[in-house]
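Under UniProt numbering, the residues of the sequence shown are numbered 1 to 76, in order.
All C-beta atoms, glycine included, are put in the ideal place defined by N, C-alpha and C.
Notes follow once the structure below has been shown.
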Amino acid sequence: MAIRIIPMFIAIPSFALLYSMDEVVVDPAITIKAIGHQWYQTYEYSDYNSSDEQSLTFDSYTIPEDDLELGQSRLL
(Lines of atoms letter the chains of each structure in order from A; the text may use other names.)
(Lines give C-alpha, C1' and ligand atoms only; values in the text may rest on other atoms or scores of the structure.)
Protein backbone atom coordinates (compact mmCIF):
# COMPACT_ATOMS: atom_id res chain seq x y z
CA MET A 1 0.00 0.00 0.00
CA ALA A 2 2.73 2.48 0.97
CA ILE A 3 4.61 1.58 -2.21
CA ARG A 4 1.77 3.14 -4.23
CA ILE A 5 1.20 6.18 -2.00
CA ILE A 6 4.80 7.45 -1.86
CA PRO A 7 5.12 7.94 -5.66
CA MET A 8 1.81 9.85 -5.62
CA PHE A 9 3.21 12.30 -3.04
CA ILE A 10 6.17 12.83 -5.37
CA ALA A 11 4.19 12.98 -8.64
CA ILE A 12 1.53 15.54 -7.71
CA PRO A 13 3.94 18.40 -6.81
CA SER A 14 6.12 17.47 -9.78
CA PHE A 15 3.24 17.89 -12.24
CA ALA A 16 2.25 21.20 -10.66
CA LEU A 17 5.81 22.46 -11.08
CA LEU A 18 6.01 21.14 -14.64
CA TYR A 19 2.85 22.96 -15.73
CA SER A 20 3.80 26.20 -13.96
CA MET A 21 7.11 26.25 -15.88
CA ASP A 22 5.16 26.15 -19.16
CA GLU A 23 3.68 29.62 -18.58
CA VAL A 24 4.84 32.22 -21.08
CA VAL A 25 6.45 35.42 -19.83
CA VAL A 26 4.94 38.30 -21.80
CA ASP A 27 7.64 40.97 -21.35
CA PRO A 28 10.91 39.58 -19.95
CA ALA A 29 13.42 42.06 -18.50
CA ILE A 30 16.38 40.37 -20.21
CA THR A 31 16.85 37.44 -22.58
CA ILE A 32 19.92 35.22 -22.15
CA LYS A 33 20.80 32.42 -24.57
CA ALA A 34 23.32 29.89 -23.21
CA ILE A 35 24.87 27.42 -25.65
CA GLY A 36 26.97 24.55 -24.32
CA HIS A 37 29.79 23.33 -26.52
CA GLN A 38 32.11 20.43 -25.77
CA TRP A 39 34.87 22.49 -24.14
CA TYR A 40 33.28 25.90 -23.51
CA GLN A 41 30.00 27.78 -23.20
CA THR A 42 28.69 30.69 -25.29
CA TYR A 43 26.39 33.32 -23.76
CA GLU A 44 24.31 35.77 -25.80
CA TYR A 45 22.37 38.74 -24.44
CA SER A 46 20.07 39.44 -27.37
CA ASP A 47 18.44 42.59 -26.00
CA TYR A 48 21.62 44.19 -24.64
CA ASN A 49 21.58 47.05 -27.16
CA SER A 50 18.11 47.06 -28.69
CA SER A 51 18.62 50.31 -30.64
CA ASP A 52 21.31 48.77 -32.89
CA GLU A 53 19.70 45.30 -33.08
CA GLN A 54 23.04 43.84 -31.98
CA SER A 55 23.62 41.35 -29.21
CA LEU A 56 26.41 40.94 -26.68
CA THR A 57 28.06 37.53 -27.14
CA PHE A 58 31.00 36.01 -25.29
CA ASP A 59 32.58 32.60 -24.67
CA SER A 60 33.42 31.11 -21.28
CA TYR A 61 36.28 28.63 -21.07
CA THR A 62 37.14 26.36 -18.13
CA ILE A 63 40.75 26.54 -16.97
CA PRO A 64 42.30 23.16 -16.04
CA GLU A 65 43.13 22.82 -12.33
CA ASP A 66 46.84 22.42 -13.08
CA ASP A 67 46.93 25.86 -14.77
CA LEU A 68 45.17 27.75 -11.96
CA GLU A 69 47.07 30.23 -9.82
CA LEU A 70 46.22 30.83 -6.16
CA GLY A 71 42.96 32.79 -5.90
CA GLN A 72 42.15 32.55 -9.63
CA SER A 73 38.62 31.66 -10.76
CA ARG A 74 38.26 28.43 -12.73
CA LEU A 75 35.61 29.72 -15.13
CA LEU A 76 36.47 32.68 -17.36
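If I measure Cβ to Cβ from residue 2 and keep anything under 8 Å in the same chain, skipping five residues before and after, which residues do I get? Take residue 2, set aside five residues on each side of it, and no residue of its chain has a beta-carbon closer than 8 Å to its own.
As assigned by DSSP and simplified to three states, the class of residue 46: Looking at residue 46 - three-state DSSP - the assignment turns out to be strand.
Quick one: Cα of residue 55 to Cα of residue 32, how far? The alpha-carbon of residue 55 is positioned some 10 Å away from that of residue 32.
For residue 66, which residues from the same chain have a beta carbon less than 6 Å from its beta carbon, with the 5 sequence-adjacent residues on both sides left out? Excluding residues within five positions, none has a Cβ falling inside 6 Å.
Measure from the alpha carbon of residue 58 to the alpha carbon of each residue in 42, 64, 68 and 72, then state which is nearest. Nearest option by C-alpha distance: 42.
Pull the bridge partners of residue 19 from the DSSP assignment, please. Answer is none; residue 19 lacks a bridge partner.
If you follow the beta strand (DSSP E) that residue 35 is in, where does it begin and where does it stop? Where residue 35 is concerned, the enclosing beta strand (DSSP E) stretches over 32-36.
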